[in-house]
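Notes follow the structure.
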Amino acid sequence: MIHILTTGGTIEGLDCDQKQSAGKTSLSNFLEAANVSFSFSIEEVFQKDSRFITFDDREYLAEKVQTSESSKILISHGTFTMEETAKHIADRKINKTIVLTGSFILGSSRNTDAPFNLGYAICALQFLKPDVYVAMNGRIFHWSNVAKNLKTNKFESKDETQ
């Protein structure tokens, strides 16, 4: 069973620049449309633009990961602070496979990257060894070697951004 924890962000249609939801998107809708054949559960942890996620929010999320009965956790997250949350969870040394993903284009938009990133993250989650990863732009990054490039709007390894 894959346990999906949602935190808001662009992947769920949260548009912070408009200070409102631009049409909430359900990750279960993406999964149902893909006709997936694996079992999953979805739990909303909170709904925030990732720039406003606090230390206490990250602690709460890490506790949800720790107490989940599943050994495979997918976290949907806003892209602005995804690396910070990945590091925070990794610091807890939880012996589970944890993948964070999100999108750059609103999940409620026709041309969104959300379904691709979600599917890619779920596929990776099934093959990776226990640790914390970020799955974005068709790539998998270890939590300790990922950075968001604001010029290209892509995630890359830290040595690529220098």
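According to the working numbering, the sequence shown is numbered sequentially starting from 237. Built from N, CA and C at the ideal position, the CB exists for glycine as well.
What does the Cβ neighbour count give for residue i, buried or exposed, with the cut at 16 atoms within 10 Å?
i, result
"residue 388", "exposed"
"residue 272", "exposed"
"residue 343", "buried"
"residue 294", "buried"
"residue 374", "exposed"
"residue 279", "exposed"
"residue 391", "buried"
"residue 305", "exposed"
"residue 237", "exposed"
"residue 396", "exposed"
"residue 349", "buried"
"residue 286", "buried"
Quick one: give me the first and last residue of the alpha helix (DSSP H) that residue i is part of.
i, result
"residue 357", "350 to 361"
"residue 300", "291 to 303"
Just grab the DSSP bridge partners of residue i for me.
i, result
"residue 324", "Looking at the DSSP assignment, residue 324 forms no beta bridge with any residue, so it has no partner."
"residue 390", "385"
"residue 401", "Because the chain here runs from 237 to 398, residue 401 falls outside it and cannot be looked at."
Using CA atoms only, rank isn't needed, just tell me which of the options is closest to residue i.
i, options, result
"residue 269", "378, 354, 393, 369", "354"
"residue 307", "395, 380, 376, 239", "239"
"residue 297", "275, 393, 322, 345", "322"
"residue 356", "244, 330, 246, 266", "266"
"residue 241", "290, 302, 287, 366", "302"
"residue 290", "320, 363, 335", "320"
"residue 364", "336, 299, 350", "336"
"residue 300", "282, 286, 287", "282"
"residue 385", "274, 379, 394", "394"
"residue 379", "277, 285, 329", "329"
"residue 275", "310, 288, 292", "310"
If residue i sits next to residue j, beta carbons under 8 Å apart, how far is it from one beta carbon to the other, in whole angstroms?
i, j, result
"residue 361", "residue 317", "In fact, because the Cβ distance is near 21 Å, the residues do not count as touching under 8 Å."
"residue 369", "residue 358", "Between residue 358 and residue 369 the Cβ distance is about 12 Å, and since that is not below 8 Å, they are no contact."
"residue 243", "residue 315", "Incorrect: roughly 12 Å between the Cβ atoms, too far for contact."
"residue 312", "residue 263", "6 Å"
In terms of residues, what are the limits of the beta strand (DSSP E) holding residue i?
i, result
"residue 383", "383 to 385"
"residue 336", "333 to 337"
"residue 270", "That residue, residue 270, is in no beta strand (DSSP E); it is neither H nor E in DSSP."
"residue 310", "308 to 312"
"residue 248", "Counting along the chain, residue 248 falls outside any beta strand (DSSP E), and DSSP gives it neither H nor E."
"residue 376", "375 to 378"
"residue 364", "Counting along the chain, residue 364 falls outside any beta strand (DSSP E), and DSSP gives it neither H nor E."
"residue 277", "276 to 280"
"residue 241", "238 to 242"
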